[in-house]
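Peer 1: Dumping the structure here so I can ask a few things about it.
Number of protein chains: 2
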Amino acid sequence: MEPAASKGAAILAGDVRAASRLMRGLEDGDPQARLTLAWLYRASRRIPRVGITGPPGAGKSTLASALVGWWRAQGMRVGVLAVDPSSPFSGGALLGDRVRMMAHAEDDGVFIRSQATRGALGGVGATTVELIGVFDAMGFDIVLVETVGVGQDEVDVIQLVDTTVVVAVPGMGDEVQALKAGLLEVADILVVNKADRDGAERTTADLQAMVDIGPTQSWRRPIIATVAHLGAGVADLGEAIRSHGAWLDDQPGDRGRRQTTAAHIERISREDMGLRVRRWLENDPGGRALVDDVHARRQDPYAGARQALEAVVQGQSGDRPPNEGGDSASE
Amino acid sequence: MEPAASKGAAILAGDVRAASRLMRGLEDGDPQARLTLAWLYRASRRIPRVGITGPPGAGKSTLASALVGWWRAQGMRVGVLAVDPSSPFSGGALLGDRVRMMAHAEDDGVFIRSQATRGALGGVGATTVELIGVFDAMGFDIVLVETVGVGQDEVDVIQLVDTTVVVAVPGMGDEVQALKAGLLEVADILVVNKADRDGAERTTADLQAMVDIGPTQSWRRPIIATVAHLGAGVADLGEAIRSHGAWLDDQPGDRGRRQTTAAHIERISREDMGLRVRRWLENDPGGRALVDDVHARRQDPYAGARQALEAVVQGQSGDRPPNEGGDSASE
Numbered sequence: 001m002e003p004a005a006s007k008g009a010a011i012l013a014g015d016v017r018a019a020s021r022l023m024r025g026l027e028d029g030d031p032q033a034r035l036t037l038a039w040l041y042r043a044s045r046r047i048p049r050v051g052i053t054g055p056p057g058a059g060k061s062t063l064a065s066a067l068v069g070w071w072r073a074q075g076m077r078v079g080v081l082a083v084d085p086s087s088p089f090s091g092g093a094l095l096g097d098r099v100r101m102m103a104h105a106e107d108d109g110v111f112i113r114s115q116a117t118r119g120a121l122g123g124v125g126a127t128t129v130e131l132i133g134v135f136d137a138m139g140f141d142i143v144l145v146e147t148v149g150v151g152q153d154e155v156d157v158i159q160l161v162d163t164t165v166v167v168a169v170p171g172m173g174d175e176v177q178a179l180k181a182g183l184l185e186v187a188d189i190l191v192v193n194k195a196d197r198d199g200a201e202r203t204t205a206d207l208q209a210m211v212d213i214g215p216t217q218s219w220r221r222p223i224i225a226t227v228a229h230l231g232a233g234v235a236d237l238g239e240a241i242r243s244h245g246a247w248l249d250d251q252p253g254d255r256g257r258r259q260t261t262a263a264h265i266e267r268i269s270r271e272d273m274g275l276r277v278r279r280w281l282e283n284d285p286g287g288r289a290l291v292d293d294v295h296a297r298r299q300d301p302y303a304g305a306r307q308a309l310e311a312v313v314q315g316q317s318g319d320r321p322p323n324e325g326g327d328s329a330s331e
Numbered sequence: 332m333e334p335a336a337s338k339g340a341a342i343l344a345g346d347v348r349a350a351s352r353l354m355r356g357l358e359d360g361d362p363q364a365r366l367t368l369a370w371l372y373r374a375s376r377r378i379p380r381v382g383i384t385g386p387p388g389a390g391k392s393t394l395a396s397a398l399v400g401w402w403r404a405q406g407m408r409v410g411v412l413a414v415d416p417s418s419p420f421s422g423g424a425l426l427g428d429r430v431r432m433m434a435h436a437e438d439d440g441v442f443i444r445s446q447a448t449r450g451a452l453g454g455v456g457a458t459t460v461e462l463i464g465v466f467d468a469m470g471f472d473i474v475l476v477e478t479v480g481v482g483q484d485e486v487d488v489i490q491l492v493d494t495t496v497v498v499a500v501p502g503m504g505d506e507v508q509a510l511k512a513g514l515l516e517v518a519d520i521l522v523v524n525k526a527d528r529d530g531a532e533r534t535t536a537d538l539q540a541m542v543d544i545g546p547t548q549s550w551r552r553p554i555i556a557t558v559a560h561l562g563a564g565v566a567d568l569g570e571a572i573r574s575h576g577a578w579l580d581d582q583p584g585d586r587g588r589r590q591t592t593a594a595h596i597e598r599i600s601r602e603d604m605g606l607r608v609r610r611w612l613e614n615d616p617g618g619r620a621l622v623d624d625v626h627a628r629r630q631d632p633y634a635g636a637r638q639a640l641e642a643v644v645q646g647q648s649g650d651r652p653p654n655e656g657g658d659s660a661s662e
């Protein structure tokens, strides 16, 4: 049995330590880990992916924790991936939240992984989708990806999940406008958390107005009121996530989920090309001369990028398979 | 005169409206805007770039505002680029902060641009570095890029500035650990803001310990205490930024700044290849068949990405120049 297959088979058989080792390997950019993941990809089935996002302070970690509890009560095994440095899942939160998490942490029907600080150096370590791929292979029933609702990270994650839950809170004011411009259009389900606070009705009405003027689609985006720390509305949210999954099941050609596959291929291509270009710019005499030319403004960076792509594709780096090797490049 | 040159010349001559139009064009992915920027790149000089980042609540917007005031008092013209949705520069903040900004907004020695919600759909619109390129052409003396201290966006920005200021506050506790794992290692200057609060000495000592165990380098990272809303320590910070610039000037081969040029070329290459792969996956029969194969798990996504790169490079999309055209692809 080749190594990828034997390591992969252990994970398929439920070996949690082997899965953790694989995740670490992916984060470290270990090429063997990539081979194992590639093997596992064909041997495993895709599990439903739920993303939860929203601005800091919206209480999404508490909501995520409550949702995990609800799924567990349904008998489901749950993977949690926290891509949020302020999340209790990743250890950067208030004590109360962390205590709430503890119950889950000791439950072997829940596997929690934090990706909070990885990738902070812009490396080509594990991407969120690779870690999701390990959850697939571990045979969980669902995976929840929690992200802080800001910036490109969120967008990247949202493109890789099936169902995106965006959490708002009363009194957000301007922030609702920011949501409007960004996250709102990618939400499948909207939540008004802390719905026992003043202004909850106003926030709900604001969101409803935005949903109403948004593009018409066959999935009608629900707005769900929750008070996460009391558990209120959590079952409604769980049911809404299930309904969205059923709606996706009815899409011809699995259209909704197929997009995430395309996004996945695109991301690997992009990162791979970035890595190859970086190596060429750092190590090849032609690459270093190009950086000098652009740095001295004798050449513009667009022309420089064209030249770099051509060199990488046609040149000696072109015969190197994508994603081979770890991050030998330094910043 | 070709259009790029005539538009570019207007910006070099100080036409602020032309610069704003160019920034909008870049954000919209207008290919003509890219041509103008490429022309401008060779015609203008690079201005010092300062990044300011830190966790939400660290007061970095207030500090940024005070710093802008200090530079103005030195007679410098300042560009500000806010890549932070909660920044007063981008309109998503408390009224008090926004009032403080007003003075700057009406000062024609300060040009403020927000990039807070752009790119939220993962498009190939303006990147931060492109907007910085316009500031270069406008002939400002310095540009300040403010980002929220979380995630990949920060890393991307940090790679593109010369001097990175990381702002901490007393009582951060766990967050200092998060800084440690991520931002701290890329900081050139550390600030303890709200230094009149309890725990400031402890935070300073924690940071000092981290700096001491960090990699030895010829630039000794200073830790500066500020109380931004009172203006305390702001001159120290301004001087530290100046010192870091002088240190960069002394680097052989302009090594410190040259890295940002390489990062710039790499980013354009990566994004360009991502766009071309996306178009191929969406529009080419071979690309669609590939997505189907990977989606059905007959093929793994790494093999899929290799196939996509080969097709794009060798195939009909290969003759299309990079970065041509706007974002015709939809998510």
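Here the protein sequences line up with chains A and B, keeping their order.
Mapped onto the numbering used here, the consecutive letters of the first sequence carry residue numbers 1 to 331.
Mapped onto the numbering used here, the consecutive letters of the second sequence carry residue numbers 332 to 662.
Beta carbons are placed, not taken as given, at the ideal position from N, Cα and C, and that holds for glycine.
1) Answer yes or no: do A:Thr204 and A:Ile223 have a C-beta to C-beta separation smaller than 9 Å?
2) So, with DSSP's three-state summary, where would you put A:Arg17?
3) Going by C-alpha distance, which of A:Tyr41, A:Glu27, A:Val16, A:Gly14 is nearest A:Ala4?
4) Tell me the DSSP secondary structure of B:Thr494 in three-state form.
5) Is B:Glu333 helix, strand or coil by DSSP?
6) Whole angstroms are fine: how far does the CA of B:Ala566 sit from the CA of A:Arg297?
7) Buried or exposed: where does B:Asn524 fall if 16 or more other Cβ atoms within 10 Å of its Cβ makes it buried?
8) Are the beta-carbon atoms of A:Trp273 and B:Gly605 separated by less than 9 Å?
9) Rounded to the nearest angstrom, what separates A:Val83 and A:Gln115 at their Cα positions?
10) In the DSSP assignment, find the unbroken beta strand (DSSP E) run with A:Arg113 in it and report its ends.
11) Could one say the Cβ of B:Met541 lies closer than 9 Å to chain A's Cβ atoms, at least one of them?
12) Going along the chain, which residues of the region 596-611 of chain B sit with their C-beta nearer than 8 Å to a C-beta in chain A?
13) Here's the rule I'm using: 16 or more other beta-carbon atoms within 10 Å means buried, otherwise exposed. How should B:Ser337 be labelled?
14) Applying the 10 Å Cβ sphere with the 16-neighbour rule, what's the burial state of B:Glu655?
15) Consider the Cβ of B:His626: report whether some Cβ of chain A lies at a distance smaller than 9 Å.
16) Using the beta-carbon of each residue, which ones in chain B are nearer than 9 Å to A:Gly304?
17) Look at the Cβ atom of A:Val191, then the Cβ atom of A:Leu63, and state whether they are nearer than 9 Å.
18) Say whether chain A places a C-beta atom closer than 9 Å to the C-beta of B:Ala589.
19) Between which residues of its own chain and B:Gly618 is the CB-CB distance below 6 Å, once the five residues before and five after are set aside?
20) DSSP on B:Gly564, reduced to helix/strand/coil?
21) What does A:Arg202 touch in chain B if you count any residue whose Cβ is under 8 Å from its own?
22) Between B:Val500 and B:Gly382, is the Cβ-Cβ spacing less than 9 Å?
23) Since B:Arg598 sits in a beta bridge, which residues does DSSP pair it with?
24) For B:Glu461 and A:Val291, I'd like the C-alpha separation in whole angstroms.
25) What does the Cβ neighbour count give for A:Ile332, buried or exposed, with the cut at 16 atoms within 10 Å?
26) Between A:Glu146 and chain D, is any beta-carbon pair separated by less than 9 Å?
27) Can you find a C-beta in chain B that's less than 9 Å from the C-beta of A:Ser44?
28) Under 9 Å Cβ-Cβ, which residues of chain B neighbour A:Val143?
29) Tell me whether A:Ser218 is buried or exposed, calling it buried when 16 or more other Cβ atoms sit within 10 Å of its Cβ.
30) Flag B:Ala404 as yes if its beta-carbon sits less than 9 Å from any beta-carbon of chain A, otherwise no.
31) Using DSSP with H/G/I as helix, E/B as strand and the rest coil, what is A:Arg24?
32) Assuming A:Ile47 and A:Asp141 are in contact, meaning their beta carbons sit under 8 Å apart, how far apart are those beta carbons, in whole angstroms?
33) Which of the three DSSP states, helix, strand or coil, is assigned to A:Ala332?
34) Excluding the 5 residues flanking B:Lys391 on each side, which residues of the same chain have their C-beta closer than 6 Å to its C-beta?
35) Using a Cβ-Cβ cutoff of less than 8 Å, which residues in the same chain neighbour A:Ala200 once the five nearest sequence positions on both sides are dropped?
36) Taking Cβ positions, are A:Ala38 and B:Asp631 nearer each other than 9 Å?
Peer 2: Taking the structure as given:
1) As a working note, residue 204 of chain A is residue 204 in the first sequence. As a working note, residue 223 of chain A is residue 223 in the first sequence. Yes, the Cβ-Cβ distance between A:Thr204 and A:Ile223 is below 9 Å.
2) Taking the first sequence and counting its residues from 1, one reaches residue 17 of chain A at position 17. Here A:Arg17 sits in helix by DSSP.
3) Within the first sequence, residue 4 of chain A is the residue found at index 4, counting from 1. Cα-wise, what sits closest to A:Ala4 is A:Tyr41.
4) Your numbering for residue 494 of chain B matches position 163 in the second sequence. Note: B:Thr494 maps to strand in three-state DSSP.
5) Reading the second sequence from its first residue, position 2 is the one you call residue 333 of chain B. The answer is coil: DSSP assigns B:Glu333 none of H, G, I, E or B.
6) In the first sequence, the residue the question calls residue 297 of chain A occupies position 297. In the second sequence, the residue the question calls residue 566 of chain B occupies position 235. Distance between the alpha carbons of A:Arg297 and B:Ala566: 33 Å.
7) As a first step, residue 524 of chain B is located in the second sequence; it is residue number 193 there, counting from the start. It counts as buried.
8) Numbered from its first residue, the first sequence carries residue 273 of chain A at position 273. Numbered from its first residue, the second sequence carries residue 605 of chain B at position 274. One detail in the question is off: residue 273 of chain A reads as Met in this sequence, not Trp. Cβ atoms of A:Met273 and B:Gly605: closer than 9 Å.
9) Sequence index remark: in the first sequence, residue 83 of chain A carries index 83 (1-based). Sequence index remark: in the first sequence, residue 115 of chain A carries index 115 (1-based). Straight through space, the alpha carbons of A:Gln115 and A:Val83 are spaced by roughly 5 Å.
10) Within the first sequence, the letter at position 113 stands for residue 113 of chain A. Element bounds for A:Arg113: 110-114.
11) Along the second sequence, read from residue 1 onward, the residue named residue 541 of chain B stands at position 210. Chain A, which has no Cβ nearer than 9 Å to the Cβ of B:Met541, makes this no.
12) Within the region 596-611 of chain B, the residues whose Cβ lies closer than 8 Å to some Cβ of chain A are Ile596, Glu597, Arg598, Ile599, Ser600, Arg601, Glu602, Asp603, Met604, Gly605, Val608, Arg609, listed in chain order.
13) Taking the first residue of the second sequence as 1, we reach residue 337 of chain B at position 6. With fewer than 16 other Cβ atoms from the protein chains shown falling within 10 Å of its own Cβ, B:Ser337 counts as exposed.
14) Counting from one through the second sequence, the residue named residue 655 of chain B turns up at place 324. Residue placement at B:Glu655 is poorly supported in this model, since its pLDDT is 43, which falls under 50; the coordinates still yield a value, given next. Its Cβ having fewer than 16 others within 10 Å, B:Glu655 is exposed.
15) Residue numbering aside, residue 626 of chain B sits at position 295 when the second sequence is read from its first letter. Chain A, which has a Cβ nearer than 9 Å to the Cβ of B:His626, makes this yes.
16) Within the first sequence, residue 304 of chain A is the residue found at index 304, counting from 1. Residues of chain B passing the Cβ test: Thr592, His595, Ile596, Ile599, Ser600.
17) Translated into the one-based positions of the first sequence, residue 191 of chain A becomes position 191. Translated into the one-based positions of the first sequence, residue 63 of chain A becomes position 63. Contact annotation: A:Val191 and A:Leu63 have beta-carbon atoms nearer than 9 Å.
18) Working through the second sequence from its first residue, we reach residue 589 of chain B at position 258. Note on identity: in this sequence residue 589 of chain B is Arg, with Ala being the wrong assignment. Contact of B:Arg589 with chain A is assigned, a C-beta pair being separated by under 9 Å.
19) Counting from one through the second sequence, the residue named residue 618 of chain B turns up at place 287. Only Trp611, Leu612 meet the Cβ criterion.
20) Sequence index remark: in the second sequence, residue 564 of chain B carries index 233 (1-based). DSSP, reduced to helix, strand and coil, places B:Gly564 outside both helices and strands of the structure shown, so it counts as coil.
21) To locate residue 202 of chain A, count along the first sequence from 1; it is residue 202. Simply none; closest approach about 18 Å.
22) Working through the second sequence from its first residue, we reach residue 500 of chain B at position 169. Working through the second sequence from its first residue, we reach residue 382 of chain B at position 51. For B:Val500 and B:Gly382, no; Cβs fall outside 9 Å.
23) As a first step, residue 598 of chain B must be located in the second sequence, where it is residue number 267. Residue pairing by DSSP leaves B:Arg598 without any beta bridge partner.
24) The residue labelled residue 461 of chain B in the question sits at position 130 within the second sequence. The residue labelled residue 291 of chain A in the question sits at position 291 within the first sequence. Near 17 Å, if we compare the C-alpha coordinates of A:Val291 and B:Glu461.
25) Outside the modelled stretch of chain A, which goes from 1 to 331, sits residue 332 of chain A, for which no answer is possible.
26) Annotation note: the requested chain D is absent from the structure, which comprises protein chains A and B.
27) Sequence index remark: in the first sequence, residue 44 of chain A carries index 44 (1-based). Cβ-Cβ to chain B under 9 Å: yes for A:Ser44.
28) Locating residue 143 of chain A in the first sequence gives position 143, where the first residue counts as 1. Here the premise fails: no neighbours, minimum Cβ distance about 17 Å.
29) Walking along the first sequence from the start, residue 218 of chain A turns up at place 218. A:Ser218 comes out exposed.
30) As a first step, residue 404 of chain B is located in the second sequence; it is residue number 73 there, counting from the start. Not one chain A Cβ lies under 9 Å of B:Ala404.
31) Here residue 24 of chain A corresponds to residue number 24 of the first sequence, with the count starting at 1. The DSSP-derived three-state label of A:Arg24 is helix.
32) For this step, residue 47 of chain A is matched to residue 47 along the first sequence. For this step, residue 141 of chain A is matched to residue 141 along the first sequence. Taking a contact as a CB-CB distance under 8 Å, the pair A:Ile47 and A:Asp141 counts as one, their CB atoms being some 6 Å apart.
33) With chain A running from 1 to 331 in the structure shown, residue 332 of chain A is simply not present.
34) As a working note, residue 391 of chain B is residue 60 in the second sequence. Once the five neighbours on either side are set aside, the close Cβ partners of B:Lys391 are Ile383, Gly385, Val498.
35) The sequence position of residue 200 of chain A within the first sequence is 200, counting from 1. These residues qualify, in order along the chain: Pro170, Val192, Lys194, Ala225.
36) Reading the first sequence from its first residue, position 38 is the one you call residue 38 of chain A. Reading the second sequence from its first residue, position 300 is the one you call residue 631 of chain B. Between A:Ala38 and B:Asp631, the C-beta gap is smaller than 9 Å, which places the two residues in contact.
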